[in-house]
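As numbered in the UniProt record's numbering, residues 1 to 331 make up the sequence shown, in order.
From the three backbone atoms N, C-alpha and C, an ideal C-beta is built for every residue, glycine too.
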Amino acid sequence: MSIGIAIIGSGIFAREEHLPILLNQNNQHKHPFTLKALYSRTLKSAEALLASVKTPKEAAADAVRKIDVYAEDAGEGRTYEDLLGREDVMAFVIALPIPTQPPYILRALTAGKHVLSEKPIAGDLRTAREMVSFYEALSPSPSPSQPSETNGTIQSTDENDNNDNNNNNNKKKKPLWAVAENHRFLTKYHLAATEVRKLGRVKGLRVLVRSYIGEGSKYHQTPWRRHPTHIGGFLLDGGVHIIAALRLILSATSDAITTVSGMTSLHRPHLHPMDTLDAIVRTRSGATGTISLCYGSQGGSTSLFEIVCERGVVTLDGDWVRVDGEEGVEV
Numbered sequence: 001m002s003i004g005i006a007i008i009g010s011g012i013f014a015r016e017e018h019l020p021i022l023l024n025q026n027n028q029h030k031h032p033f034t035l036k037a038l039y040s041r042t043l044k045s046a047e048a049l050l051a052s053v054k055t056p057k058e059a060a061a062d063a064v065r066k067i068d069v070y071a072e073d074a075g076e077g078r079t080y081e082d083l084l085g086r087e088d089v090m091a092f093v094i095a096l097p098i099p100t101q102p103p104y105i106l107r108a109l110t111a112g113k114h115v116l117s118e119k120p121i122a123g124d125l126r127t128a129r130e131m132v133s134f135y136e137a138l139s140p141s142p143s144p145s146q147p148s149e150t151n152g153t154i155q156s157t158d159e160n161d162n163n164d165n166n167n168n169n170n171k172k173k174k175p176l177w178a179v180a181e182n183h184r185f186l187t188k189y190h191l192a193a194t195e196v197r198k199l200g201r202v203k204g205l206r207v208l209v210r211s212y213i214g215e216g217s218k219y220h221q222t223p224w225r226r227h228p229t230h231i232g233g234f235l236l237d238g239g240v241h242i243i244a245a246l247r248l249i250l251s252a253t254s255d256a257i258t259t260v261s262g263m264t265s266l267h268r269p270h271l272h273p274m275d276t277l278d279a280i281v282r283t284r285s286g287a288t289g290t291i292s293l294c295y296g297s298q299g300g301s302t303s304l305f306e307i308v309c310e311r312g313v314v315t316l317d318g319d320w321v322r323v324d325g326e327e328g329v330e331v
C-alpha cells in the first residue's frame with residue numbers, strides 16, 4: 001500500500017526540493033510515497049507550482065496530472081479543511097512562511113496526519129514551546145476538533161479526550177511530527193561529530209558563519225522575508241541551520257548549550273531588523289565559546305566550527321574536517 005502525501009505551500013523550497021523529490025523518487029519501498037494533493041493559499045500559486053514542473057520522465061508527468069489542487073479560493077470541497085478529511089492522504093509536507101506555519105501544523109496533527117514541517121516551527125520561542133507541548137499531549141486517536149489560538153496561547157478545543165474512545169486509541173498510533181532540518185543529515189557534520197567523540201569532553205567552541213543575502217536575491221524576494229513579522233528576520237531563518245549543526249556536533253559527547261548571552265546588529269538595511277549576531281555561550285558540561293553569525297557580509301563566505309576537546313581540536317572549515325589530536329593532524 002502506498003502512503004498518500006500532500007504538500008502544503010508553493011514557495012521556493014516546495015518548488016525546488018519537496019515537489020521534485022516526491023515526483024522522481026525510486027519507489028522501490030514496499031510502502032512508497034504517492035503525491036496526491038497540493039495546497040496553497042491561492043489557486044493561482046498552486047497551479048503555478050505544478051506548471052513549473054519539468055520532468056523528462058513520463059511516469060512523473062503522469063503523476064503531476066493526477067495531483068489534486070486545494071486552495072482557499074479553489075471552490076467547494078477544495079479547502080484545507082477538506083484536504084484534512086481525506087483518508088487516502090496520510091502525511092503532510094508543510095513548507096509555509098515562518099509566521100503562517102504553526103496553525104497548519106497543529107490542525108494536521110489534530111486530524112491524525114503525519115507531518116514533516118519546515119524549520120523553524122514558529123517565529124518565537126513561546127509559540128514553539130506551546131506547539132511541542134500540544135504535540136506531546138496529543139491523543140493517538142484523531143479528534144474532529146481543531147486547535148485554536150487565543151491571546152497567543154495555543155489550546156485544544158476538544159473536551160472529550162479521555163475514556164470514550166479507548167478501544168480506538170489502542171488501534172491507532174499517534175501521528176509522527178518531524179522537523180525538516182536538512183543540515184542534520186549532511187555528512188560533514190556527522191564526520192565532525194564522530195571525531196569530537198574520539199577526543200573526549202568538549203572544553204570550548206567557536207562558530208563563525210558569514211555570508212551575504214543580496215537585495216533582490218530569490219530568498220530576499222519573498223514578501224514575508226522582506227517584511228518579517230517573526231523575531232530575528234534572516235538570523236532566525238538561516239541561523240536555525242547553524243545551531244542545528246552545532247547541536248548535532250555537541251551531542252556526540254552528550255553535551256548541549258544551556259546559557260546564551262548575545263547582541264545583534266544590522267549591517268545591511270535591506271536585511272532588517274537584524275542580520276548579525278555575536279553571542280557567548282556555555283554548555284551543560286561547562287565549556288564556553290562564541291557564536292558569530294552574519295548574513296550581511298560581502299567579500300566571500302565563511303563557515304567555521306572549531307571544537308576544543310580534552311585530547312585535541314576538531315575544525316570544520318567549509319566542507320573540510322581537520323583533526324589536531326594526540327596522533328598529529330588528520331584532514
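If you count every other CB in all the chains shown that lies within 10 Å of the CB of residue i, and 16 or more means buried, which is it?
i, result
"I121", "buried"
"E16", "exposed"
"I242", "buried"
"S254", "exposed"
"K218", "exposed"
"G9", "buried"
"E87", "exposed"
"F185", "exposed"
"M131", "buried"
"T127", "buried"
"residue 353", "Here the chain comprises residues numbered 1 to 331, so residue 353 is not present and cannot be evaluated."
"E118", "buried"
"I154", "With a pLDDT of 49 at I154, under the threshold of 50, the modelled position of this residue cannot be trusted; read the value that follows with caution. Buried, because 16 or more other Cβ atoms sit within 10 Å of the Cβ of I154."
"I280", "exposed"
"G123", "buried"
"P144", "Note on P144: pLDDT 42, under 50, position unreliable in the model; no value is reported."
"G233", "buried"
"V260", "exposed"
"H272", "exposed"
"L49", "buried"
"T276", "buried"
"H227", "exposed"
Going straight from the alpha carbon of residue i to that of residue j, what length do you get?
i, j, result
"D324", "K188", "17 Å"
"S301", "T79", "43 Å"
"L199", "V308", "9 Å"
"V202", "A91", "39 Å"
"W224", "P97", "7 Å"
"P103", "R268", "32 Å"
"H31", "G4", "10 Å"
"S297", "V209", "10 Å"
"T290", "I213", "23 Å"
"G11", "A180", "15 Å"
"N163", "V207", "Low local confidence applies: a pLDDT of 46 at N163 is under 50, so the model's placement there is unreliable, with the coordinate-based value given in what follows. Distance between the alpha carbons of N163 and V207: 51 Å."
"D68", "S292", "45 Å"
"S251", "R129", "21 Å"
"L43", "A245", "36 Å"
"T258", "G204", "14 Å"
"L106", "E136", "12 Å"
"E81", "G75", "12 Å"
"F134", "E306", "36 Å"
"L316", "T229", "33 Å"
"E326", "G318", "24 Å"
"V53", "A63", "11 Å"
"L266", "F33", "43 Å"
"R282", "I249", "15 Å"
Cα-Cα, which of the options is closest to residue i?
i, options, result
"T264", "I257, M274 and E215", "M274"
"H183", "E306, R201, I280 and V240", "V240"
"residue 361", "E195, T276, K174 and A108", "Look at the range of the chain in this structure, 1 to 331, and you will see that residue 361 is not part of it."
"G216", "G232, H270, S52 and P228", "H270"
"A37", "M1, G77, K54 and V281", "G77"
"R247", "Y39, F234, Q298 and A192", "A192"
"L109", "L138, D124 and L83", "L138"
"A51", "F33, P20, D237 and D73", "P20"
"S45", "Q25, S303, I7 and L35", "I7"
"V321", "H190, D82 and E136", "H190"
"K113", "L176, G75, V53 and Y135", "L176"
"L41", "R284, T258, V64 and L83", "The residue you asked about is not Leu; residue 41 is Arg in the sequence shown. Nearest of R284, T258, V64 and L83 to R41, Cα basis: L83."
"G85", "A287, F33, K66 and A111", "A111"
"G238", "I249, G262, S211 and V115", "S211"
Quick check on residue i: does DSSP put it in helix, strand or coil?
i, result
"H114", "strand"
"V281", "strand"
"residue 332", "Any question about residue 332 goes unanswered here, given that the chain covers just 1 to 331."
"S52", "coil"
"K36", "strand"
"residue 335", "For the chain, the structure presents residues 1 to 331; residue 335 sits outside this window and is missing."
"D237", "helix"
"residue 334", "Outside the displayed range of the chain (1 to 331) lies residue 334, so it cannot be described from this structure."
"Y80", "helix"
"E306", "strand"
"S45", "helix"
"T253", "helix"
"M131", "helix"
"V196", "helix"
"R15", "helix"
"R322", "strand"
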